[in-house]
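In UniProt numbering, the protein residues as written are 1 to 139. Every residue, glycine too, gets a C-beta built ideally from N, C-alpha and C. Some notes on the structure that comes next.
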(Lines of atoms letter the chains of each structure in order from A and count residues from 1; the text may use other names and numbers.)
(Lines give C-alpha, C1' and ligand atoms only; values in the text may rest on other atoms or scores of the structure.)
Protein backbone atom coordinates (compact mmCIF):
# COMPACT_ATOMS: atom_id res chain seq x y z
CA UNK A 1 0.00 0.00 0.00
CA UNK A 2 1.39 3.41 -0.93
CA UNK A 3 1.28 6.27 1.55
CA UNK A 4 -1.26 8.00 -0.70
CA UNK A 5 -3.55 4.96 -0.51
CA UNK A 6 -3.05 4.85 3.27
CA UNK A 7 -3.97 8.55 3.44
CA UNK A 8 -7.17 7.97 1.48
CA UNK A 9 -8.08 4.93 3.59
CA UNK A 10 -7.57 6.86 6.84
CA UNK A 11 -9.58 9.79 5.51
CA UNK A 12 -12.49 7.49 4.66
CA UNK A 13 -12.23 5.69 8.03
CA UNK A 14 -12.67 9.09 9.65
CA UNK A 15 -15.73 9.81 7.46
CA UNK A 16 -14.04 12.84 5.93
CA UNK A 17 -14.30 14.17 2.41
CA UNK A 18 -11.19 15.50 0.69
CA UNK A 19 -12.49 19.00 1.37
CA UNK A 20 -13.08 18.20 5.07
CA UNK A 21 -9.55 16.88 5.53
CA UNK A 22 -8.05 19.79 3.61
CA UNK A 23 -9.79 22.22 5.97
CA UNK A 24 -8.88 20.24 9.10
CA UNK A 25 -5.22 19.98 8.07
CA UNK A 26 -5.04 23.51 6.65
CA UNK A 27 -3.77 22.33 3.26
CA UNK A 28 -5.05 23.17 -0.20
CA UNK A 29 -7.95 21.09 -1.52
CA UNK A 30 -6.36 20.80 -4.98
CA UNK A 31 -3.07 19.64 -3.49
CA UNK A 32 -4.76 17.05 -1.29
CA UNK A 33 -6.76 15.73 -4.24
CA UNK A 34 -3.57 15.43 -6.32
CA UNK A 35 -1.74 13.76 -3.43
CA UNK A 36 -4.44 11.09 -3.03
CA UNK A 37 -4.42 10.44 -6.78
CA UNK A 38 -0.65 9.97 -6.71
CA UNK A 39 0.00 13.05 -8.85
CA UNK A 40 2.08 14.60 -6.07
CA UNK A 41 4.46 12.03 -4.65
CA UNK A 42 6.47 14.25 -2.32
CA UNK A 43 4.46 17.17 -0.94
CA UNK A 44 6.30 20.31 0.07
CA UNK A 45 7.03 21.52 3.56
CA UNK A 46 5.06 20.19 6.47
CA UNK A 47 2.02 19.05 4.46
CA UNK A 48 2.49 15.39 5.36
CA UNK A 49 2.82 16.23 9.06
CA UNK A 50 -0.33 18.37 8.96
CA UNK A 51 -2.29 15.56 7.28
CA UNK A 52 -1.03 12.97 9.77
CA UNK A 53 -1.95 15.17 12.72
CA UNK A 54 -5.41 15.89 11.29
CA UNK A 55 -5.99 12.13 10.96
CA UNK A 56 -4.66 11.33 14.45
CA UNK A 57 -1.65 9.32 13.29
CA UNK A 58 2.07 9.94 13.34
CA UNK A 59 3.92 10.88 10.18
CA UNK A 60 5.88 7.62 10.13
CA UNK A 61 2.66 5.63 10.09
CA UNK A 62 1.27 7.70 7.24
CA UNK A 63 4.46 7.36 5.21
CA UNK A 64 5.43 3.77 5.95
CA UNK A 65 2.57 2.08 7.84
CA UNK A 66 4.98 1.19 10.64
CA UNK A 67 3.12 2.29 13.76
CA UNK A 68 -0.29 2.19 15.38
CA UNK A 69 -2.99 4.56 14.20
CA UNK A 70 -3.68 6.16 17.56
CA UNK A 71 -0.12 7.26 18.21
CA UNK A 72 0.39 10.85 17.08
CA UNK A 73 3.60 11.27 19.09
CA UNK A 74 7.02 11.40 17.51
CA UNK A 75 8.67 8.00 17.49
CA UNK A 76 12.41 7.71 17.81
CA UNK A 77 14.60 6.18 15.12
CA UNK A 78 15.36 3.12 17.26
CA UNK A 79 11.69 2.07 17.26
CA UNK A 80 11.37 2.59 13.51
CA UNK A 81 14.61 0.69 12.85
CA UNK A 82 13.56 -2.22 15.08
CA UNK A 83 10.27 -2.66 13.20
CA UNK A 84 11.99 -2.31 9.85
CA UNK A 85 14.64 -4.90 10.71
CA UNK A 86 11.97 -7.29 11.93
CA UNK A 87 10.00 -7.09 8.67
CA UNK A 88 12.75 -6.65 6.07
CA UNK A 89 15.27 -8.99 4.43
CA UNK A 90 19.01 -8.43 4.92
CA UNK A 91 19.46 -7.55 1.24
CA UNK A 92 16.86 -4.82 1.54
CA UNK A 93 18.39 -3.56 4.79
CA UNK A 94 21.77 -3.32 3.04
CA UNK A 95 20.11 -1.38 0.22
CA UNK A 96 18.51 1.01 2.71
CA UNK A 97 21.81 1.51 4.53
CA UNK A 98 23.65 2.29 1.31
CA UNK A 99 20.94 4.65 0.09
CA UNK A 100 20.76 6.37 3.48
CA UNK A 101 24.52 7.05 3.43
CA UNK A 102 24.27 8.42 -0.12
CA UNK A 103 21.36 10.66 0.86
CA UNK A 104 23.31 12.01 3.83
CA UNK A 105 26.30 12.75 1.58
CA UNK A 106 24.05 14.57 -0.90
CA UNK A 107 22.35 16.59 1.82
CA UNK A 108 25.75 17.68 3.16
CA UNK A 109 26.77 18.81 -0.33
CA UNK A 110 23.50 20.66 -0.90
CA UNK A 111 22.83 22.17 2.53
CA UNK A 112 26.27 22.19 4.14
CA UNK A 113 27.54 20.19 7.12
CA UNK A 114 25.49 20.31 10.31
CA UNK A 115 22.37 21.79 8.72
CA UNK A 116 18.99 20.65 10.09
CA UNK A 117 17.10 21.69 6.92
CA UNK A 118 17.72 18.47 4.97
CA UNK A 119 15.80 16.20 7.32
CA UNK A 120 12.87 16.21 4.90
CA UNK A 121 15.19 15.39 2.00
CA UNK A 122 16.56 12.28 3.70
CA UNK A 123 13.06 11.26 4.84
CA UNK A 124 11.75 11.53 1.30
CA UNK A 125 14.68 9.51 -0.06
CA UNK A 126 14.01 6.87 2.58
CA UNK A 127 10.29 6.87 1.72
CA UNK A 128 11.04 6.30 -1.96
CA UNK A 129 13.36 3.41 -1.19
CA UNK A 130 10.84 1.83 1.15
CA UNK A 131 8.04 2.17 -1.42
CA UNK A 132 10.22 0.49 -4.04
CA UNK A 133 10.94 -2.36 -1.64
CA UNK A 134 7.23 -2.83 -1.01
CA UNK A 135 6.52 -2.89 -4.75
CA UNK A 136 9.24 -5.51 -5.27
CA UNK A 137 7.89 -7.67 -2.47
CA UNK A 138 4.37 -7.59 -3.95
CA UNK A 139 5.56 -9.24 -7.18
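What are the boundary residues of the alpha helix (DSSP H) that residue i is part of?
i	result
residue 49	47-55
residue 5	3-13
residue 19	18-25
residue 63	59-64
residue 34	29-36
Using a Cβ-Cβ cut-off of 7 angstroms (strictly less than) and excluding sequence neighbours within five positions of residue i, which residues of its own chain qualify?
i	result
residue 54	21, 24 and 25
residue 50	25, 26 and 27
residue 19	29
residue 40	31 and 34
Please classify residue i: does DSSP put it in a helix, a strand, or coil?
i	result
residue 41	coil
residue 91	helix
For residue i, tell me which candidate among the options has the shortest Cα-Cα distance.
i	options	result
residue 2	61, 56 and 46	61
residue 11	46, 57 and 94	57
residue 33	59, 14 and 4	4
Please return the same chain residues whose Cβ sits closer than 8 angstroms to the Cβ of residue i, not counting the five positions on each side in sequence.
i	result
residue 8	36
residue 52	58, 59, 61, 62 and 72
residue 109	none
So, under 8 angstroms CB-CB, residue i and residue j are touching, yes? Tell me the CB distance rounded to an integer number of Å.
i	j	result
residue 6	residue 65	6 angstroms
residue 129	residue 93	About 11 angstroms separates the two Cβ atoms, so there is no contact after all.
Quick one: what's got a C-beta closer than 6 angstroms to residue i's C-beta in the same chain, skipping five residues either side?
i	result
residue 141	A query on residue 141 cannot be resolved here, the shown segment of the chain reaching from 1 to 139 and no further.
residue 47	27
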